[in-house]
Amino acid sequence: RLATNNQNLDSLMYISVQNFNQMDRYLRENNRSNLSSLIVAGVWIESMYLLSEVIKESPNAELSEKIGEQKIILSNLMLLLKNYERDPKFAELIGQLSDIQDIYREVTITYEKGEPEAVEEDGMLVIKQNDKQYIEISNETLLKIVDKTVEVRNKIIQL
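For the sequence shown, our numbering gives the first residue as 140, with consecutive numbering after it.
Here it is in structure tokens:
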């Protein structure tokens with residue numbers, strides 16, 4: 140299915156999420172939810188690593204903002220991983236991600252409430268929120284996040 144939909148990003152995302160959900164369900168049913176959490180952490184770290192490598196080669200405001208947005212994702216990831224902090228391997232990973240989270244304290248995310256709007260999409264009425272999100276991240280903070288992410292990722296792949 141992935142090969143036949145390689146030009147359609149929405150289909151690729153749908154298939155990827157569907158496959159992850161099946162894998163996650165299997166792991167949870169077999170009392171291996173800790174592996175599911177590790178996979179999520181690994182995907183996040185590798186994605187951040189790839190984004191870090193791209194931004195080093197082609198810095199731009201949009202990518203900087205995407206890295207800044209990860210503050211929210213990392214907070215959620217840390218909540219997930221805290222369930223397993225008694226496991227020494229998880230504790231080490233949590234410690235490494237906490238180092239990144241400490242840097243993210245320098246990133247400010249603010250929200251502006253917008254008016255909802257009713258629009259028609261594909262023959263269906265859809266309510267769209269027009270809230271806005273603003274990310275404030277300095278170049279110095281961005282570089283610290285990038286450097287720490289690469290450092291953490293490289294430690295993990297050496298294990």
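For glycine and all other residues, C-beta sits at the position ideal for the given N, C-alpha and C.
Considering Cα atoms alone, identify which of the options is closest to residue i.
i, options, result
"Ile296", "Val182, Asn269, Leu282", "Val182"
"Leu257", "Glu251, Val265, Tyr188", "Rather than Leu, the amino acid found at residue 257 in this sequence is Ala. Nearest of Glu251, Val265, Tyr188 to Ala257, Cα basis: Val265."
"Gly253", "Ile194, Glu260, Asn269, Glu208", "Asn269"
"Leu282", "Arg171, Ser186, Ile184, Ser203", "Ser203"
"Ile248", "Glu260, Glu224, Gln209", "Gln209"
"Arg292", "Tyr223, Gly207, Leu232, Thr280", "Leu232"
"Asn278", "Asn170, Met187, Arg171, Ile206", "Ile206"
"Tyr250", "Gln272, Asp261, Asp163", "Gln272"
Would you tell me roughly how many angstroms separate the C-alpha atoms of residue i and residue j, rounded to the nearest one?
i, j, result
"Gln161", "Glu168", "11 Å"
"Met263", "Asp286", "45 Å"
"Glu201", "Gln240", "21 Å"
"Ile212", "Ser237", "13 Å"
"Ala230", "Leu216", "13 Å"
"Ile184", "Ile194", "15 Å"
"Glu275", "Phe159", "32 Å"
"Glu196", "Leu298", "27 Å"
"Gln235", "Lys221", "13 Å"
"Leu189", "Lys294", "15 Å"
"Asn144", "Gln157", "Any reading at Asn144 needs caution, since the residue's pLDDT is 47, under 50, leaving its predicted position unreliable; the model's value is listed next. C-alpha separation (whole angstroms): 14 Å."
"Asn170", "Asp226", "15 Å"
Take residue i and list the residues in its own chain whose beta-carbon comes closer than 7 Å to its own, dropping the five residues that flank it on each side.
i, result
"Leu219", "Ser176, Val179"
"Ser191", "Val285, Thr288, Val289"
"Glu224", "Ala230, Ile233"
"Leu166", "Ser172, Leu174, Ser175"
"Glu260", "none"
Might you give, ordered along the chain, the residues of its own chain that have their beta carbon closer than 6 Å to the beta carbon of residue i, omitting 5 neighbours on each side?
i, result
"Pro255", "Ile266, Gln268"
request  = For the segment 174-190 and the segment 244-252, state whether three or more C-beta atom pairs, one from each stretch, are separated by less than 8 Å.
outcome  = no
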